[in-house]
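Chains as they are written, first to last, in numbering that gives the first Met the number 0: chain X, 0 to 135; chain A, 0 to 135; chain D, 0 to 135; chain L, 0 to 135. Glycine included, each C-beta is placed from N, C-alpha and C at the ideal position. A quick note: this is a predicted structure, and the numbers were derived from the prediction, not measured.
Protein chains: 4
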Amino acid sequence: MTKHIPHDLALEAINAGVAKAKELKQRSSLSIVDGGGHLVAFVRVDDAAFGTIEIAHNKAFTAAALRAPSGHWMETVQPGASLFGMERAASRPLVVFGGGLPVYDGDVVIGGVGVSGGPIEADEAIAHAIADVLNR
Amino acid sequence: MTKHIPHDLALEAINAGVAKAKELKQRSSLSIVDGGGHLVAFVRVDDAAFGTIEIAHNKAFTAAALRAPSGHWMETVQPGASLFGMERAASRPLVVFGGGLPVYDGDVVIGGVGVSGGPIEADEAIAHAIADVLNR
Amino acid sequence: MTKHIPHDLALEAINAGVAKAKELKQRSSLSIVDGGGHLVAFVRVDDAAFGTIEIAHNKAFTAAALRAPSGHWMETVQPGASLFGMERAASRPLVVFGGGLPVYDGDVVIGGVGVSGGPIEADEAIAHAIADVLNR
Amino acid sequence: MTKHIPHDLALEAINAGVAKAKELKQRSSLSIVDGGGHLVAFVRVDDAAFGTIEIAHNKAFTAAALRAPSGHWMETVQPGASLFGMERAASRPLVVFGGGLPVYDGDVVIGGVGVSGGPIEADEAIAHAIADVLNR
Numbered sequence: 000m001t002k003h004i005p006h007d008l009a010l011e012a013i014n015a016g017v018a019k020a021k022e023l024k025q026r027s028s029l030s031i032v033d034g035g036g037h038l039v040a041f042v043r044v045d046d047a048a049f050g051t052i053e054i055a056h057n058k059a060f061t062a063a064a065l066r067a068p069s070g071h072w073m074e075t076v077q078p079g080a081s082l083f084g085m086e087r088a089a090s091r092p093l094v095v096f097g098g099g100l101p102v103y104d105g106d107v108v109i110g111g112v113g114v115s116g117g118p119i120e121a122d123e124a125i126a127h128a129i130a131d132v133l134n135r
Numbered sequence: 000m001t002k003h004i005p006h007d008l009a010l011e012a013i014n015a016g017v018a019k020a021k022e023l024k025q026r027s028s029l030s031i032v033d034g035g036g037h038l039v040a041f042v043r044v045d046d047a048a049f050g051t052i053e054i055a056h057n058k059a060f061t062a063a064a065l066r067a068p069s070g071h072w073m074e075t076v077q078p079g080a081s082l083f084g085m086e087r088a089a090s091r092p093l094v095v096f097g098g099g100l101p102v103y104d105g106d107v108v109i110g111g112v113g114v115s116g117g118p119i120e121a122d123e124a125i126a127h128a129i130a131d132v133l134n135r
Numbered sequence: 000m001t002k003h004i005p006h007d008l009a010l011e012a013i014n015a016g017v018a019k020a021k022e023l024k025q026r027s028s029l030s031i032v033d034g035g036g037h038l039v040a041f042v043r044v045d046d047a048a049f050g051t052i053e054i055a056h057n058k059a060f061t062a063a064a065l066r067a068p069s070g071h072w073m074e075t076v077q078p079g080a081s082l083f084g085m086e087r088a089a090s091r092p093l094v095v096f097g098g099g100l101p102v103y104d105g106d107v108v109i110g111g112v113g114v115s116g117g118p119i120e121a122d123e124a125i126a127h128a129i130a131d132v133l134n135r
Numbered sequence: 000m001t002k003h004i005p006h007d008l009a010l011e012a013i014n015a016g017v018a019k020a021k022e023l024k025q026r027s028s029l030s031i032v033d034g035g036g037h038l039v040a041f042v043r044v045d046d047a048a049f050g051t052i053e054i055a056h057n058k059a060f061t062a063a064a065l066r067a068p069s070g071h072w073m074e075t076v077q078p079g080a081s082l083f084g085m086e087r088a089a090s091r092p093l094v095v096f097g098g099g100l101p102v103y104d105g106d107v108v109i110g111g112v113g114v115s116g117g118p119i120e121a122d123e124a125i126a127h128a129i130a131d132v133l134n135r
């Protein structure tokens with residue numbers, strides 16, 4: 000039995016992400032998806048570039064789809080490595096750089112968080128701020 | 000000269016939409032897009048069916064893309080009418096039933112709202128609750 | 000042997016279309032494609048709604064692809080008629096309402112014109128203003 | 000507050016691009032998009048190969064979507080670099096080689112320019128000729 004992410008908790012988590020993005024002075028897109036990879040909540044902070052929207056979605060999707068942080072796959076998909084090309088192996092793009100995190104209920108993945116807009120370190124810090132609210 | 004929709008106002012509008020959805024007991028997807036049709040904020044209320052996500056997006060997109068409520072086109076795209084097939088005349092589907100509304104800055108369209116999940120009347124009532132916050 | 004549409008003639012034709020759109024007070028998208036249906040020239044007049052861009056392209060494409068005005072097919076694609084559904088019978092949408100016109104070199108079709116943004120009569124008048132420059 | 004690009008200025012900029020393309024003897028596609036990535040004006044010079052059309056569009060789109068020249072991302076998306084795969088991380092391809100430039104109103108990005116058809120240096124020179132008209 001998996002639980003869904005309630006919308007009020009999702010919005011609370013989005014607000015925590017907005018606060019972290021403001022603290023880090025990043026204009027970012029913040030996405031939360033459910034265990035099926037489908038959008039639960041989203042906000043684009045300070046009119047972030049619209050090209051970040053879908054990357055945020057796809058980071059969250061990747062984390063839910065493969066049940067691991069998006070950056071987990073970076074080395075293994077490189078040319079010459081064992082999963083070369085995995086990020087383009089399905090119809091929807093997977094993202095292999097950081098900023099996507101799974102959401103857990105115990106040790107069951109029930110969703111994903113994705114952030115895009117700043118340097119990877121900032122995206123990851125904001126994603127953790129969102130996931131921390133959802134993982135409790 | 001057009002303005003963008005600030006993220007805090009967008010989230011306030013989303014919250015007004017959530018309140019209206021709860022009042023009407025509708026599990027719905029609520030989307031806000033900017034003047035280019037790109038997502039600004041979103042929430043899915045009470046684990047609404049995931050099939051409603053993209054319909055909400057496309058209602059908001061349609062309202063921004065054609066600068067009219069989505070339901071405005073219902074009659075003219077019917078068999079025998081002057082714009083038959085317009086809802087499928089571009090690569091992204093346009094939605095011609097109600098629940099999509101333009102967002103205005105004076106008389107300039109600066110975005111769109113889309114709601115999907117309930118009967119059209121409920122979708123439209125929730126969309127108006129969201130747009131009322133954005134149009135002030 | 001078909002001829003291509005020179006870019007300076009295409010821009011002259013676009014300017015004629017802009018003048019007609021201004022005269023009719025229509026905010027419209029104006030497209031010209033070659034004999035292969037590929038874009039030659041385009042302009043969006045007075046910040047016309049962005050939803051009209053692709054419809055203009057697809058009207059021009061339809062005129063070149065089927066070598067007839069886009070509105071030619073309106074009756075035969077209706078429910079119960081002989082080509083029902085033809086407008087969705089290929090991967091790219093065909094448009095069956097007016098505003099798309101073939102471009103001729105003698106009696107050979109060497110391109111198409113598409114206009115979207117106003118009532119069908121205005122779209123057609125602007126399309127004729129463009130085609131008149133190209134058809135000489 | 001952002002401004003849109005007027006159609007007459009867009010066509011003036013396109014003409015400057017045509018002149019530069021002729022000077023450099025390049026058969027090229029020239030695209031201008033608005034701040035939402037939607038086409039404002041286009042011309043294909045001297046029957047340039049039709050495969051250049053969409054690349055020009057996508058360069059302009061990339062510059063608007065990420066608010067940076069298309070070539071800005073070339074190093075960071077390489078194998079082993081921090082944003083590996085970003086050019087395919089959304090449904091619409093981003094272009095990471097040169098020829099796409101943002102259009103500015105002050106320091107706000109209000110559009111993009113994309114040129115495709117020649118060597119990168121020529122594409123960039125033509126893109127600058129277009130952007131110089133739009134950025135004033």
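Whose C-alpha, out of the options, is nearest the C-alpha of residue i?
i       : options                               : result
G97(A)  : Q77(A), S69(A), V107(A) and G116(A)   : S69(A)
D45(L)  : L10(D), D104(D), D131(D) and P118(D)  : L10(D)
A12(A)  : D106(A), L93(A) and G110(A)           : G110(A)
A40(L)  : A59(L), G50(L), K24(L) and V94(L)     : A59(L)
I31(A)  : R87(A), A121(A), P78(A) and H3(A)     : H3(A)
R135(A) : E123(A), D106(A), V114(A) and D122(A) : D106(A)
W72(A)  : P118(D), G113(D) and W72(D)           : P118(D)
T51(D)  : R87(A), P5(A) and A121(A)             : R87(A)
P5(D)   : S90(L), A121(L), R43(L) and S81(L)    : R43(L)
Apart from the five residues on each side of it in sequence, which residues of its chain come closer than 8 Å, Cβ to Cβ, to residue i?
i       : result
A48(A)  : R26 and G116
R66(L)  : P101 and V108
Q77(L)  : F83
V132(D) : L8, E11, A12 and A15
Kindly indicate which three-state DSSP category residue i falls into: helix, strand or coil?
i       : result
L93(X)  : coil
I109(D) : strand
D104(L) : strand
Output needed for residue i: all residues of its chain with C-beta closer than 6 Å, excluding positions within five of it in sequence on either side, in chain order.
i       : result
A64(A)  : G36
G16(A)  : L29, I125, A128 and I129
Y103(A) : N134
N57(X)  : P92 and V94
L38(A)  : V32
A20(X)  : S27, V44 and I125
M85(A)  : V76
I54(A)  : S115
A18(L)  : none
Within 10 angstroms of the Cβ of residue i, are there 16 or more other Cβ atoms? Answer buried if so, exposed if not.
i       : result
F83(D)  : exposed
T61(L)  : buried
M0(A)   : Legend: pLDDT at M0(A) = 43, less than 50; position of this residue unreliable, value from coordinates given subsequently. M0(A) is exposed by the Cβ-count criterion.
E22(D)  : exposed
E74(D)  : exposed
E123(X) : buried
K24(X)  : exposed
G113(X) : buried
V79(X)  : In the sequence as displayed, the identity of residue 79(X) is Gly instead of Val. Looking at its Cβ environment, which holds fewer than 16 other Cβ atoms inside 10 Å, G79(X) is exposed.
A121(X) : buried
Within its chain, find whatever has a CB closer than 7 Å to the CB of residue i; leave out the 5 residues flanking it on each side and keep chain order.
i      : result
S81(A) : T75
S90(A) : none
G34(D) : T1, A63, V108, I109 and G110
*Which runs of the alpha helix (DSSP H), 4 residues or longer, sit entirely within the segment 12–89 of chain D?*
50–65
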